[in-house]
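For the sequence shown, the numbering used here puts the final residue at 89, and the numbers step up evenly by one. Glycine included, every Cβ here is placed at the ideal spot set by N, Cα and C. Everything numeric in this text was worked out from a predicted model, so none of it was measured. Heads up: the structure comes next, in structure tokens.
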Amino acid sequence: MRKGIHPEYRKVVFLDTSSDYKFLTGSTKYSEETIEWEDGNTYPLIRVEISSDSHPFYTGKQKADKAGGRVDRFKKKYNLN
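Dropping the structure here:
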């Protein structure tokens with residue numbers, strides 16, 4: 009690898025702001041905000057709105073569309089049943 013062209017890879021803490029879930033992982037993302045992790049070390053903190061802890065696909069709380077296809081949704085929307 010050429011020197012000076014690659015971003016610094018380091019450990020960072022990602023914080024899911026919707027569920028207060030935190031996890032430590034490696035990233036090149038930069039942040040001036042820091043947090044003390046469970047191991048006693050201080051790491052940069054990256055705030056995210058959605059993670060695997062709050063995303064409907066991973067939590068199993070997705071909104072299932074029981075109406076069927078486009079025609080069924082159209083009929084339901086305009087009360088044409």
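Cross-strand partners of residue i (DSSP beta bridge)
| i | result |
| --- | --- |
| residue 24 | 29, 56 |
| residue 90 | Here the chain covers residues 9 to 89 and nothing more, so residue 90 does not appear. |
| residue 51 | 43 |
Nearest-angstrom Cα separation, counted from residue j out to residue i
| i | j | result |
| --- | --- | --- |
| residue 75 | residue 86 | Caution is warranted here: a pLDDT of 47 is assigned to residue 75, below 50, making its placement in the model unreliable, and the coordinate value is therefore given only provisionally. Those two C-alpha atoms are separated by around 13 Å. |
| residue 29 | residue 16 | 25 Å |
| residue 39 | residue 69 | 31 Å |
| residue 18 | residue 37 | 9 Å |
| residue 46 | residue 63 | 24 Å |
| residue 59 | residue 42 | 19 Å |
| residue 10 | residue 84 | 60 Å |
| residue 24 | residue 61 | 8 Å |
| residue 50 | residue 26 | 22 Å |
| residue 52 | residue 20 | 5 Å |
| residue 12 | residue 54 | 24 Å |
Extent of the continuous alpha helix (DSSP H) to which residue i belongs
| i | result |
| --- | --- |
| residue 85 | 78–85 |
Cβ-Cβ separation, residue j to residue i (assumed contact under 8 Å), whole Å
| i | j | result |
| --- | --- | --- |
| residue 22 | residue 56 | 6 Å |
Residue range of the unbroken beta strand (DSSP E) whose run includes residue i
| i | result |
| --- | --- |
| residue 44 | 42–44 |
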